[in-house]
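**Q** Once you've had a glance at the structure underneath, I'll fire off some questions.
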Amino acid sequence: MKVSLSGPLKGETTVPGDKSMTHRAIIFSSIAEGRSVIEGALLGEDCLSTVEIFRQLGVTIDLDGERLLIDSPGFNAFAEPAQVLDTGNSGTTTRLLAGLLTGLPFRTVLSGDASIARRPMKRIIAPLQQMKAAISGSYNDTRTPLIIEPSAVKGIHYEMPVASAQVKSAILLAGLHADTTLTIKEKVASRDHTETMLPLYGVDISRDEVITLSPGAINQVRPYDFRVPGDISSAAFLIVAALITPGSELTLRNVGINPTRDGIIEVVRQMGGDITVSDVTDDGEPTATIRVRYTSDLEPLTIEGEMIPRLIDEIPVIALLMTQAAGTSLIRDAGELKVKETNRIDAVVRELTKIGFKLTATEDGMIVQEGRNDIRAAVDSCGDHRIGMMLAVATLITGELDIDDFDSINVSFPGFMEQFKQLGV
Ligand code: S3P
1 MKVSLSGPLK
11 GETTVPGDKS
21 MTHRAIIFSS
31 IAEGRSVIEG
41 ALLGEDCLST
51 VEIFRQLGVT
61 IDLDGERLLI
71 DSPGFNAFAE
81 PAQVLDTGNS
91 GTTTRLLAGL
101 LTGLPFRTVL
111 SGDASIARRP
121 MKRIIAPLQQ
131 MKAAISGSYN
141 DTRTPLIIEP
151 SAVKGIHYEM
161 PVASAQVKSA
171 ILLAGLHADT
181 TLTIKEKVAS
191 RDHTETMLPL
201 YGVDISRDEV
211 ITLSPGAINQ
221 VRPYDFRVPG
231 DISSAAFLIV
241 AALITPGSEL
251 TLRNVGINPT
261 RDGIIEVVRQ
271 MGGDITVSDV
281 TDDGEPTATI
291 RVRYTSDLEP
301 LTIEGEMIPR
311 LIDEIPVIAL
321 LMTQAAGTSL
331 IRDAGELKVK
341 ETNRIDAVVR
351 ELTKIGFKLT
361 ATEDGMIVQE
371 GRNDIRAAVD
381 SCGDHRIGMM
391 LAVATLITGE
401 LDIDDFDSIN
411 VSFPGFMEQF
421 KQLGV
């Protein structure tokens, strides 16, 4: 598809609901017997995959304007599905549900699209098997489809080998069924929405040096009405677009600023970008108003270490931002990018290089130089929503681009192009 954005972003808007929190709200509401309401849910394709699966398990889920109404018979009354549960393009659905479904008294099978079929599953299968869950995967327990049989799950102590909220959450959701205590230790913190949101739905979780879940927690889950903040990962595209486009002045309201997710704000500040955060609310999941203005003299930056999980999904668009800084920037310790919807180190470097930007892939990140040679070429989202949206933002610099497979953006940001139009672009 030919995509072209031009002109400053001006005005005020909100972004669609947070993808990670919407998945969790759907999951926790579906476990709880009774009615829960989700306000501001993201209705992108990934979250709809989660909705469809719970419908197959016997949960009634209706859309009422922007609200999801969830009426559940409760986890213990789920119905055995007649078909494979289709997780689409969604890693969060695949991994979190793999943990949750270990507690069912019948077999379930989880399978997704071609991208899901390439993504590593050993990282959840291994700890779940340690918990005595009867889960197996294709290719010697490394890939989907995942087959989950009834089992009696036990609590374990698990030290996380990678910073992954999907792995941590899969273990916690299996732990809801355990008849002994579960503890998890993270070396580097990953997003903590499961830990912040489960207590809202009635579950006792303690969080000190380790995360602890007591036996029988599944019986604590109660209905709750959750309001989903705007997704900072979607806001990132508008933030970068405003920073790099002369004349832009943008206000984003109700953006989620959970400290395990707000790395982009710190990066923009460190690069000298004109960004301010105000109107902070904090009832469980904090939100704020973010104001951004075009900044002509951005400085290069190195991002690495514990910062990486706080902005992992924003790295494609942060790499684009770095091309506009005066000097060479570096992204390190981000090997996890290789196992996202696509290999995002290769995809970012390859697609941006095609149109003249100067990036080099490294083993665990990339080197981003300033400037660009004006080269015209078709680019490809590689079926990855965040690569597609990053390339659309790049057209503010390059002019029109032909972006293959642009529809992939519907996974996380429906109305992406309309949002830009509304801001005068
Ligand atoms: C997510 C966790 C992250 C992130 C993904 C959503 C979640 O993945 O990249 O988009 O909702 O838990 P990892 O857990 O693989 O790091």
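Residue numbers (UniProt numbering): 1 to 425. Every residue, glycine too, gets a C-beta built ideally from N, C-alpha and C.
Alpha carbons only, please: which of A174, D141, A163 and S136 is nearest the one belonging to A152?
**A** Of A174, D141, A163 and S136, the residue nearest in Cα terms is A174.
**Q** Give the secondary structure of G74 by DSSP, where H, G and I count as helix, E and B as strand, and everything else as coil.
**A** Three-state result, G74: coil.
**Q** Under the rule that 16 or more other beta-carbon atoms within 10 Å means buried, what is A377, buried or exposed?
**A** That one is exposed.
**Q** From which residue to which residue does the alpha helix (DSSP H) around I265 run?
**A** First-last of the alpha helix (DSSP H) with I265: G263 to Q270.
**Q** Taking only three categories from DSSP, how would you classify G58?
**A** Looking at G58 - three-state DSSP - the assignment turns out to be coil, as it is neither helix nor strand.
**Q** Return the CA-CA distance between T362 and R119, expressed in angstroms with no decimal places.
**A** The straight-line gap from Cα to Cα measures roughly 20 Å.
**Q** Is L359 closer than 8 Å to V348 when the C-beta atoms are compared?
**A** Their beta carbons are under 8 Å apart, which means V348 touches L359 by this criterion.
**Q** Using a Cβ-Cβ cut-off of 6 Å (strictly less than) and excluding sequence neighbours within five positions of A242, which residues of its own chain qualify?
**A** Cβ neighbours of A242 beyond the five flanking positions: L9, S248, L250 and V292.
**Q** How many Å lie between V267 and S278 at the Cα?
**A** Answer to the nearest angstrom: the Cα atoms are 17 Å apart.
**Q** Out of curiosity, what's the CA-to-CA distance linking M197 and Q422?
**A** In a straight line, the C-alpha of M197 is about 32 Å away from that of Q422.
**Q** Looking at the secondary structure, which residues open and close the alpha helix (DSSP H) in which Y139 lies?
**A** Run containing Y139: S138 to D141, per the alpha helix (DSSP H) assignment.
**Q** Starting from the Cα of C47, find the closest Cα among Q56, V59, L57 and A25 and give me that residue.
**A** Among Q56, V59, L57 and A25, the Cα nearest to that of C47 belongs to A25.
**Q** Leaving aside the five residues before and after D346 along the sequence, list all residues of the same chain whose C-beta is less than 8 Å from its C-beta, in chain order.
**A** Correct list, in chain order: K338 and A361.
**Q** Rounded to whole angstroms, what's the CA-CA distance from L298 to P161? Just pull it up for me.
**A** So the two alpha carbons sit approximately 35 Å from each other.
**Q** Report yes if the C-beta distance between A319 and M366 is below 8 Å; otherwise report no.
**A** Yes.
**Q** Rounded to a whole number of angstroms, what is the C-alpha to C-alpha distance between L42 and I409?
**A** Spanning the two alpha carbons is a distance of roughly 13 Å.
**Q** Between the alpha carbons of S219 and F75, how many angstroms are there, rounded?
**A** Inspection of the sequence shows that residue 219 is occupied by Asn rather than by Ser. Cα-Cα distance, rounded: 9 Å.
**Q** Rounded to the nearest angstrom, what separates Y224 and D62 at their Cα positions?
**A** The straight-line gap from Cα to Cα measures roughly 16 Å.
**Q** Can you pull the DSSP bridge partners for F106?
**A** According to DSSP, which records beta bridges pairwise, F106 is partnered with nothing at all.
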